[in-house]
Every structure is written in C-alpha cells, then in structure tokens.
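For the sequence shown, my numbering gives the first residue as 3, with consecutive numbering after it.
In this text, a Cβ means the ideal position worked out from N, Cα and C, and glycines have one as well.
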Amino acid sequence: MRGGIVRRGKPSIDDIKELTAQCVKHYSTLQSEFEKDERFYELDFRASLGIPEQYKNEAVVLPTSRDMVDAFVDHIDLANARVFVNKKGIHKIDDEVAEMMRKFYLGLLHRTNTENSISPWRVAGKHYANHGLAVIKTIWDADRWLDKPAQVKGESKESYEEKLEKWAEDHPPSLPILIRAINPANVMPDPSYSGELYVIERHERMVFDMQKMYPLFKNVKDRGITDTVEYIEYWDNEYRSVLVDDEPVLKGGIVKHKYGFIPYTLIESGLGNLGRDALPEQRYVGINRYAQDLYVSESRNYSVADVILKKDAWRGGRVRGQGAEEYANIKQEYGTYTWVPDDVVFEDWEVSKAPDMIALHLARTADLIGAHAAPRSVRGLSETGVRSGADRRLVISEAAAKFQYSKEAFKHGAEKVLIKS
3 MRGGIVRRGK PSIDDIKELT AQCVKHYSTL QSEFEKDERF YELDFRASLG
53 IPEQYKNEAV VLPTSRDMVD AFVDHIDLAN ARVFVNKKGI HKIDDEVAEM
103 MRKFYLGLLH RTNTENSISP WRVAGKHYAN HGLAVIKTIW DADRWLDKPA
153 QVKGESKESY EEKLEKWAED HPPSLPILIR AINPANVMPD PSYSGELYVI
203 ERHERMVFDM QKMYPLFKNV KDRGITDTVE YIEYWDNEYR SVLVDDEPVL
253 KGGIVKHKYG FIPYTLIESG LGNLGRDALP EQRYVGINRY AQDLYVSESR
303 NYSVADVILK KDAWRGGRVR GQGAEEYANI KQEYGTYTWV PDDVVFEDWE
353 VSKAPDMIAL HLARTADLIG AHAAPRSVRG LSETGVRSGA DRRLVISEAA
403 AKFQYSKEAF KHGAEKVLIK S
C-alpha cells in the first residue's frame with residue numbers, strides 16, 4: 003500500500019506491516035471494549051463498585067454478568083447439531099454423494115468436539131455471546147495426513163496388502179483439517195469489507211516458541227528466549243505471510259496458499275449496529291456490553307445491604323456505670339448467668355438495618371438486567387406473577403425469541419465453516 007492505494011495481486015512485506023499498523027489503530031476502541039467484556043465475564047469489576055475503603059474486602063460481586071453469557075451460549079445448542087445437504091439431482095449418484103457429504107460434515111463436527119480438551123464450537127460460542135463476534139479458522143495441516151507405505155519393487159501383492167493392513171491398524175484414520183476458535187481480540191478483518199479482502203491475526207509469542215516453529219526466524223533484534231514478540235499472520239484469497247518481530251519467516255516471505263478462500267469465518271451476533279461510520283465497536287456487541295453499569299449497580303446494592311445486615315446481626319454495644327470497665331469483654335452464652343452490679347448498664351449500638359429501599363432497588367436492577375439481556379425464564383428461573391401453564395409457555399417462548407436471530411446466525415456460520423472444510 004502506497005499513498006492509500008491498494009495494489010491488486012501479491013502484497014509486499016511493507017504493505018502487510020502498514021496494513022497491520024492501520025488496523026491496530028482502527029480497532030483500538032473495539033479492543034478496549036473487548037477487554038471490558040472479559041472483565042465483566044470474569045467478574046473482575048470489584049474496584050468499580052465504589053465501596054468505602056474500610057468495607058472494600060467485604061464487597062460482593064454477583065455472577066449475573068457471567069450467567070447471562072452462559073445462558074446465551076446454552077441456547078445456541080452446540081451439542082446437538084444437525085446437518086442437511088441438497089440432494090436434488092438428475093442421477094442416483096447425486097443422492098449418494100449428498101449422503102456422503104452429510105456424513106462427512108457430521109463426522110467433522112463430532113471430531114472437533116472430541117479431539118480437543120474443549121470444543122472449538124463451545125469456545126466460539128462464548129466469544130459470540132460475550133463479544134458479539136466469533137472467529138473460526140479452518141486450515142490444512144499436512145502433518146496429520148499420514149502417507150501410506152510404498153510398495154517395494156518385487157514385493158508381492160499379498161505381502162503389500164498385509165503391510166497396508168498392519169499400517170492401517172497402527173495408524174487410526176485422521177483428517178488434515180484443523181478447526182480452531184480464535185479470540186476476536188486477536189483478529190483484525192479488513193476495515194472496509196469486514197474480512198472479505200484480507201484478515202490479519204495478531205498475538206504475543208515467546209521467542210523460544212517461534213524459533214521452534216519457524217527455523218527461518220533469525221531473531222535479528224537478539225531478544226532472550228523468554229521475551230515475547232509480535233506474531234502476525236496475513237491471509238487474503240491468494241496469499242499468506244507470517245511475520246515474527248517484523249521478520250518474514252516463511253520461505254519466500256509471501257506464499258500462495260491455494261485454499262481459494264480466506265480461512266477465517268466471522269460470525270456476528272446481530273446485537274450491534276452497522277452505523278453510518280461503520281465503527282467496529284458499534285457493530286460487534288456482546289450481550290453484556292450495554293448492561294455493565296447495571297451489573298456494577300446490582301453488586302454495589304447487594305454489598306451495601308450485606309455489610310449493613312452483618313453489622314446489625316453481630317453488633318456489639320457499650321457498657322456504662324460504676325466498675326463497667328471490668329465487664330467490657332463479657333460474653334453472651336446460652337445456659338449461663340453472669341452477675342453484674344446494679345449500676346452497670348449494657349446498651350446495644352443503634353439498630354440500622356438496611357432500608358427496604360435497598361432491597362427494592364436491588365430487585366428493580368435485577369429486572370432491568372433481565373429485560374435487557376436474558377429474562378429469568380430463559381435461564382431456567384420462574385417469572386414473577388406467572389400462574390398458568392399456558393402463560394408460562396408464552397413467557398418462555400417470547401423470552402427465547404431474544405436469541406432467535408443470534409442462534410440462526412451461529413448455525414449459518416458453522417455451515418460456512420463446514421463448507422470450507
């Protein structure tokens with residue numbers, strides 16, 4: 003890229019560096035929003051509650067923001083996927099091919115669910131709900147494609163078949179296709195067409211790891227093996243490149259990948275808005291993005307009520323009268339009587355139970371959160387005031403409709419991933 007003009011065809015290393023710098027700038031606000039999404043999902047917002055210093059350690063962060071994301075993911079139904087293929091054709095072989103493809107896609111779904119410690123579909127679902135964007139990467143891993151043994155010259159057919167059978171027993175079937183969920187914070191699609199022109203993946207990696215993976219990495223900046231460096235992958239429809247600490251590490255620098263497509267599938271939740279300026283922070287919106295202040299308020303209200311109730315439940319008091327200092331540490335024990343002089347008087351601290359206003363405000367905040375993100379019924383909880391079974395079914399169906407588009411969008415995104423495979 004020079005003077006704002008993108009050349010058609012093969013980009014240069016300088017083009018990729020310039021595009022990366024521009025994308026980092028373009029997505030900087032979105033990155034900040036992603037970080038806040040993560041904080042609220044991990045319940046790491048205690049410092050935002052504004053609890054007085056002496057009570058900070060008693061603050062309670064309620065898990066509502068995490069529950070909302072998990073409820074969203076559970077409604078995507080990642081575990082019971084069904085595969086349908088187009089069986090229309092004029093020959094019988096068309097039906098057979100379609101059935102083979104259906105079984106292949108089902109097998110691919112099953113394999114990605116079982117061969118990983120956690121299913122990439124589940125991980126992508128979490129990103130989808132939390133950030134409003136899931137990114138799934140489909141790549142070819144030649145190391146998984148095991149070459150069968152060659153037939154030695156003069157080897158009999160029977161002997162070779164026996165050798166093949168033994169090889170097949172020792173090497174279970176495997177597919178050289180990797181399906182991975184990439185955190186959207188590490189992916190920068192082209193700003194103009196949201197990944198249709200190119201996609202840049204960016205991470206921080208250890209020097210030692212990069213030297214093991216890429217022998218062409220020269221480490222010209224002489225960094226230590228435990229230092230972290232910037233790792234960049236560039237992909238468009240024809241070319242790919244990998245830069246480690248600004249060094250191209252593929253043979254030839256920029257190579258043709260022959261995929262015929264960009265191996266990243268971006269799935270949007272539809273909770274955002276494609277505004278006039280097409281700002282990514284408005285487009286990629288997770289379920290918690292605009293309810294974060296409510297989560298802070300809810301936890302603050304609960305913490306205030308909790309502190310007040312604890313102080314009143316285990317309150318102390320004061321002792322006055324002649325010789326009162328001798329009874330300052332007297333203990334209240336059931337079944338025992340303690341003699342004290344008539345002049346000694348025990349007084350409790352004034353009762354200051356949490357006012358009803360706090361409880362009402364806490365309930366009102368919970369209702370606002372449910373109305374915005376996920377109503378109680380879609381989280382398996384009962385709704386207030388619902389009595390009849392028909393009314394309850396209606397409430398559940400209307401509540402679940404909040405996830406209807408997002409559920410279908412994720413399904414279509416998974417379909418794109420399978421087609422790329």
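Beta-carbon contacts of residue i that lie in its chain and below 7 Å, excluding the five residues immediately before and after
i      : result
Ala61  : Arg48, Leu51, Ile53, Ser305
Leu268 : Leu135, Val137, Pro191, Ser196, Gly197
Thr340 : Ile332
Lys223 : Asp247
Asn188 : Glu203, Arg204, His205
Leu199 : Asp192, Asp238
Rounded C-alpha distance that separates residue i from residue j
i      : j      : result
Asp76  : Glu206 : 31 Å
Gly325 : Glu349 : 15 Å
Arg68  : Ala368 : 14 Å
Pro178 : Ser408 : 30 Å
Asp1   : Tyr292 : Given that the chain is displayed from residue 3 to residue 423, the structure contains no residue 1 and the question cannot be resolved.
Asp145 : Leu180 : For Asp145, the predicted model reports a pLDDT of 48, less than 50, meaning its position is unreliable; a value from the coordinates is still stated below. Spanning the two alpha carbons is a distance of roughly 11 Å.
Thr66  : Tyr29  : 28 Å
Thr228 : Arg113 : 34 Å
Ser194 : Lys313 : 58 Å
Glu101 : Lys418 : 18 Å
Asp97  : Glu117 : 30 Å
Gly11  : Trp237 : 12 Å
Ile7   : Ser14  : Low confidence applies here, because Ile7 scores a pLDDT of 44, under 50, leaving its location unreliable and the question unanswered by this model.
Ala411 : Tyr162 : 50 Å
Ala416 : Glu157 : 46 Å
Ser121 : Leu311 : 44 Å
Glu249 : Phe219 : 7 Å
Lys422 : Lys413 : 15 Å
Val99  : Lys105 : 10 Å
Glu164 : Ala152 : 12 Å
Gly254 : Tyr216 : 13 Å
Asn221 : Pro186 : 28 Å
Tyr336 : Ala361 : 33 Å
Ile256 : Phe263 : 16 Å
N-terminal and C-terminal residue of the beta strand (DSSP E) that residue i is part of
i      : result
His426 : There is simply no residue 426 to check, as the chain begins at 3 and stops at 423 in what is shown.
Arg322 : 319 to 322
Val347 : 347 to 350
Leu180 : 179 to 184
Pro54  : Where Pro54 is concerned, there is no enclosing beta strand (DSSP E), given that its DSSP letter is neither H nor E.
Pro191 : 189 to 191
Residues near residue i by beta carbon distance below 8 Å, same chain, minus five either side
i      : result
Asn132 : Asp39, Glu40, Tyr43, Val71, Gly288, Ile289, Asn290
Leu296 : Thr367, Leu370, Ile371, His374
Gly323 : Pro343, Asp345, Val346, Val347
Leu364 : Glu300, Asn303, Tyr304, Ala307
Phe210 : Ile227, Thr228
Proximal residues to residue i (C-beta, below 6 Å), its chain only, five neighbours per side dropped
i      : result
Arg285 : Gly274, Leu276
Glu35  : Glu283
Ser271 : Tyr130, Gly134, Ser408
Leu245 : Ile234
Ile141 : Leu180, Pro265
Cys25  : Met190, Ile202
Candidates the options, of which the one nearest residue i by Cα
i      : options                        : result
Leu252 : Glu352, Asp308, Glu55, Gln213  : Gln213
Ser243 : Ala293, His259, Glu232         : His259
Ala280 : Val125, Gly255, Thr31, Trp237  : Thr31
Trp123 : Ile141, Ile78, Ala100, Phe263  : Ile78
Ala183 : Lys128, Thr22, Glu157          : Lys128
Tyr261 : Pro250, Tyr241, Ala126, Leu311 : Tyr241
Ala330 : Thr338, Gly319, Gly337         : Gly319
Asp46  : Tyr57, Pro13, Leu64, Glu249    : Leu64
Gln294 : Glu37, Met215, Lys27           : Glu37
Tyr57  : Gly337, Trp316, Gln334, Val309 : Val309
Ala23  : Ile360, Trp316, Glu232, Gly255 : Glu232
Glu352 : Trp316, Gln406, Phe405, Ala126 : Trp316
Range of the contiguous alpha helix (DSSP H) that encloses residue i
i      : result
Lys413 : 406 to 422
Lys128 : 122 to 133
Arg68  : 66 to 78
Val209 : 209 to 215
Below-8 Å beta-carbon distance, residue i vs any chain C residue
i     : result
Phe47 : The structure shown contains no chain C; it is built from a single protein chain.
Residue i: CB within 7 Å of a non-hydrogen atom of the ligand GTP
i     : result
Phe47 : This structure simply doesn't include the ligand GTP, nor any ligand for that matter.
Q | Segments of 3+ residues assigned as beta strand (DSSP E) that fall wholly inside the stretch 230 to 301 | A | 230 to 238, 241 to 246, 256 to 258, 266 to 270
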